[in-house]
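This report concerns only the one structure given below.
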Amino acid sequence: MKKLIVANWKCNPLKSQEALKIFKGTIAVASKSKKAETVICPPYVFLKEIIAAAKGTEIKIGAQNCFWEETGAYTGMVSAAMLKNMGCKYAIIGHSEARRFVKETNEEISRKIAAAAKSGLIPILCIGENRGERKENKTYEVLAQQLNEGLLKLSKIDISKIIIAYEPIWAIGTGDYADPIEIKKAKEFILGLLKKMSGAENTGKIRVIYGGSVNAENSELYFSKAEMDGLLVGGASLNPKEFSKIINSASY
Ligand code: PEP
337 MKKLIVANWK
347 CNPLKSQEAL
357 KIFKGTIAVA
367 SKSKKAETVI
377 CPPYVFLKEI
387 IAAAKGTEIK
397 IGAQNCFWEE
407 TGAYTGMVSA
417 AMLKNMGCKY
427 AIIGHSEARR
437 FVKETNEEIS
447 RKIAAAAKSG
457 LIPILCIGEN
467 RGERKENKTY
477 EVLAQQLNEG
487 LLKLSKIDIS
497 KIIIAYEPIW
507 AIGTGDYADP
517 IEIKKAKEFI
527 LGLLKKMSGA
537 ENTGKIRVIY
547 GGSVNAENSE
557 LYFSKAEMDG
567 LLVGGASLNP
577 KEFSKIINSA
587 SY
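Following this line, the structure appears as structure tokens:
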């Protein structure tokens, strides 16, 4: 299976011309790669243009969030069904920045995950411990709670199609180094739990990717040593040259 390299542009850039420039700088390498599938997740406002620009390329597009209801009196929300209809394939859900800045709860996340799956989007559920939880050796406890509560509304078969992004919060945007061996252990823990939740007949398809200060210098380690199924890249995905190197570092 190809590795999944997901670009999370967060709340960047400021203008659509800049968004198109970043996107175009990524096309060549992303289209040629035999080892990686590239997904770009721009802010909602750039989705239409980026989806149009991605036509005929190998790049897939994702949203950075979604709402659980399809339509109705929900001012400011964008539904999973709308995103699917406009051409998105993936949706990032439960990112630590959404948990932190808009106080998203596991219960809300579980509704979003269910709505995404129902509408045909592939959810990328972000989970991870903060620095304090890590110090108190609560990493696995936190991961288990986020998975159990976040996936509560999914059928076994839908759990088997999900992508989990393990993102230790202390490593996001900080440049702090997460040991690939620890990450590999976290992946094994996550897979063990998901296999129980999805049932033996559905195992084998679930992908666990890593995110947290990934750059062109360290990305290779997350494949070779941590054996991750892909990467979620924030800051470095805004620089096409660096992001292209990250795509090229994907190995089986
Ligand atoms: C992210 O946005 O999920 C992320 C991991 O960001 P960064 O790569 O900048 O740490």
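Under my numbering, the first residue of the sequence shown carries the number 337, and numbering increases by one thereafter. All residues carry an ideal CB built from backbone N, CA and C; glycine is no exception.
- It is roughly 15 Å from the alpha-carbon of E433 to the alpha-carbon of R467.
- Annotation: the continuous beta strand (DSSP E) that includes G566 extends over 566-569.
- Relative to the ligand PEP, the nearest heavy atom lies less than 7 Å away from the CB of I508.
- Looking only at C347, I358, L350, M337, the smallest Cα-Cα distance to F579 is reached by I358.
- Checking the 7 Å criterion, the Cβ of N344 is within range of a heavy atom belonging to the ligand PEP.
- Taking the Cα positions, G423 is about 33 Å away from L557.
- Remark: C-beta atoms of S549 and I508 approach each other more closely than 8 Å.
- Following the DSSP letters along the chain, one finds I449 inside the alpha helix (DSSP H) bounded by residues 442-455.
- Look at P504 here: in three-state DSSP terms it is coil, with no helix or strand label.
- Judged by DSSP secondary structure, G398 falls within the beta strand (DSSP E) whose first and last residues are 396-399.
- The DSSP-derived three-state label of L479 is helix.
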